[in-house]
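A.B. asks: Numbering (the working numbering), first residue to last: 20 to 245.
Quick reminder that beta carbons are idealized off the backbone N, C-alpha and C, glycines included.
What follows is a single structure, and I will ask about it in a moment.
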């Protein structure tokens, strides 16, 4: 049984349904549970229509948790004192642009029509200093310590993959075929490569061919959650 289907079982139980079949028919108004049962298959991912249906019927469900397992099942609307204070001091940002906290796996599709379905249901951060950022993501792992710790939130500005001007020494989020990387970028061995560097000296730097990049964002700031 896949992780996504396990989360579906948890969600069904949380909403008071005895089974996924009951959740599909009574909760989502499907004629059967066939569409949801497909999520049992290895590497299965929920389609956008499933995500939209869940979002429309259960507005408190955190779709980021449902897709990735990160965070809480249900959205938390309460804000701590620190966040509230920031919002009160920057009213124009509260009523204007806010930054969606997206799963790293969704970075490549950020800004597309399909991605707006997920973006609408993401937790959002309103931070006055990050005027140029497009979204925020959560740091995972210790390869960029001490500046970036696991659990920190970094603000990112997505760049055009076909016209990137790397600022050597800056930190970027790279979406690659082997997953997303938060790394410092330096000049590679030739024009077709970049040198990917971790701040933590326990991790060796390596050259990466630019053709392996699916999406790129530059890190513009960090929020340390304590």
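How many angstroms separate the CA atom of residue 181 from the CA atom of residue 202?
C.D. replies: Locating residue 181 in the chain shown gives position 162, counting from the first residue. Locating residue 202 in the chain shown gives position 183, counting from the first residue. Their backbone Cα atoms lie some 20 Å apart in a straight line.
A.B. asks: Does DSSP put residue 222 in a helix, in a strand, or in coil?
C.D. replies: Sequence index remark: in the chain shown, residue 222 carries index 203 (1-based). Correct three-state label for residue 222: coil.
A.B. asks: Take the Cβ of residue 61 as the centre, count every other Cβ of all protein chains shown within 10 Å, and call the residue buried at 16 or more, exposed below.
C.D. replies: Within the chain shown, the letter at position 42 stands for residue 61. Residue 61 comes out exposed.
A.B. asks: Specify the secondary structure class of residue 247 as computed by DSSP and reduced to three states.
C.D. replies: Only positions 20 to 245 of the chain appear in the structure, and residue 247 is not among them; the question remains open.
A.B. asks: How should residue 149 be labelled, buried or exposed, when 16 other C-beta atoms within 10 angstroms of its C-beta is the threshold for buried?
C.D. replies: Within the chain shown, numbered from 1, the residue matching residue 149 stands at position 130. Label assigned to residue 149: buried.
A.B. asks: With 16 as the cutoff for other CB atoms within 10 Å, does residue 93 come out buried or exposed?
C.D. replies: In the chain shown, the residue the question calls residue 93 occupies position 74. Exposed.
A.B. asks: With a CB to CB cut of under 8 Å and the five nearest residues on each side skipped, what residues in its chain are close to residue 89?
C.D. replies: Residue mapping note: residue 89 aligns to position 70 of the chain shown, counting from 1. Cβ within range, chain order: 83, 122, 157.
A.B. asks: Tell me, please, which residues DSSP counts as bridged to residue 64.
C.D. replies: For the purposes of this step, residue 64 is taken as residue 45 along the chain shown, with counting starting at 1. Bridge partners of residue 64: none, in fact.
A.B. asks: In this structure, does DSSP put residue 178 in helix, strand or coil?
C.D. replies: By one-based count along the chain shown, residue 178 stands at place 159. Note: residue 178 maps to strand in three-state DSSP.
A.B. asks: Between which two residues does the beta strand (DSSP E) harbouring residue 233 extend?
C.D. replies: Residue mapping note: residue 233 aligns to position 214 of the chain shown, counting from 1. Residues 232–242.
A.B. asks: Can you name the start and end residues of the alpha helix (DSSP H) that residue 44 belongs to?
C.D. replies: In the chain shown, residue 44 corresponds to position 25, counting from 1. Counting along the chain, residue 44 falls outside any alpha helix (DSSP H), and DSSP gives it neither H nor E.
A.B. asks: If you measure between the beta carbons of residue 172 and residue 154, is that distance less than 8 Å?
C.D. replies: Within the chain shown, numbered from 1, the residue matching residue 172 stands at position 153. Within the chain shown, numbered from 1, the residue matching residue 154 stands at position 135. Not in contact: residue 172 and residue 154 (Cβ atoms no closer than 8 Å).
A.B. asks: Note down, in chain order, each residue of its chain lying with its Cβ closer than 7 Å to the Cβ of residue 97, except the 5 sequence neighbours on either side.
C.D. replies: Along the chain shown, read from residue 1 onward, the residue named residue 97 stands at position 78. With a pLDDT of 34 at residue 97, under the threshold of 50, the modelled position of that residue is not reliable, and the figure given next carries that caveat. If we look at residue 97 and ignore the five residues flanking it on each side, it has no Cβ neighbours.
A.B. asks: Within 10 Å of its beta-carbon, does residue 142 have 16 or more other beta-carbons around it, so buried, or fewer, so exposed?
C.D. replies: In the chain shown, counting from the first residue as 1, residue 142 sits at position 123. With 16 or more other Cβ atoms within 10 Å, it is buried.
A.B. asks: What is the DSSP secondary structure of residue 21, reduced to helix, strand or coil?
C.D. replies: Locating residue 21 in the chain shown gives position 2, counting from the first residue. The answer is coil: DSSP assigns residue 21 none of H, G, I, E or B.
A.B. asks: Mind checking who residue 119 pairs with in its DSSP beta bridge?
C.D. replies: In the chain shown, the residue the question calls residue 119 occupies position 100. Answer is 143, bridged to residue 119.
A.B. asks: Considering only C-alpha positions, which residue in the set 53, 39, 237 is nearest to residue 151?
C.D. replies: Taking the first residue of the chain shown as position 1, residue 151 is located at position 132. Taking only the C-alpha atoms, the option nearest residue 151 is 237.
A.B. asks: Between residue 219 and residue 170, what straight-line distance do the alpha-carbon atoms span, to the nearest angstrom?
C.D. replies: Locating residue 219 in the chain shown gives position 200, where the first residue counts as 1. Locating residue 170 in the chain shown gives position 151, where the first residue counts as 1. C-alpha separation (whole angstroms): 16 Å.
A.B. asks: Report the three-state DSSP secondary structure of residue 194 (helix, strand or coil).
C.D. replies: Position 175 of the chain shown, counted from the first residue, corresponds to residue 194. Residue 194: strand per DSSP, three-state reduction.
A.B. asks: From which residue to which residue does the beta strand (DSSP E) around residue 154 run?
C.D. replies: Here residue 154 refers to the residue found at position 135 when the chain shown is read from its first residue. Where residue 154 is concerned, the enclosing beta strand (DSSP E) stretches over 154–157.
A.B. asks: Alpha carbon to alpha carbon, how far is residue 100 from residue 206?
C.D. replies: Taking the chain shown and counting its residues from 1, the one referred to as residue 100 is at position 81. Taking the chain shown and counting its residues from 1, the one referred to as residue 206 is at position 187. Low per-residue confidence applies at residue 100: pLDDT is 34, beneath 50, and the placement is therefore not dependable, though the value from the model is reported in the following sentence. Each residue's Cα considered, the two are about 42 Å apart.
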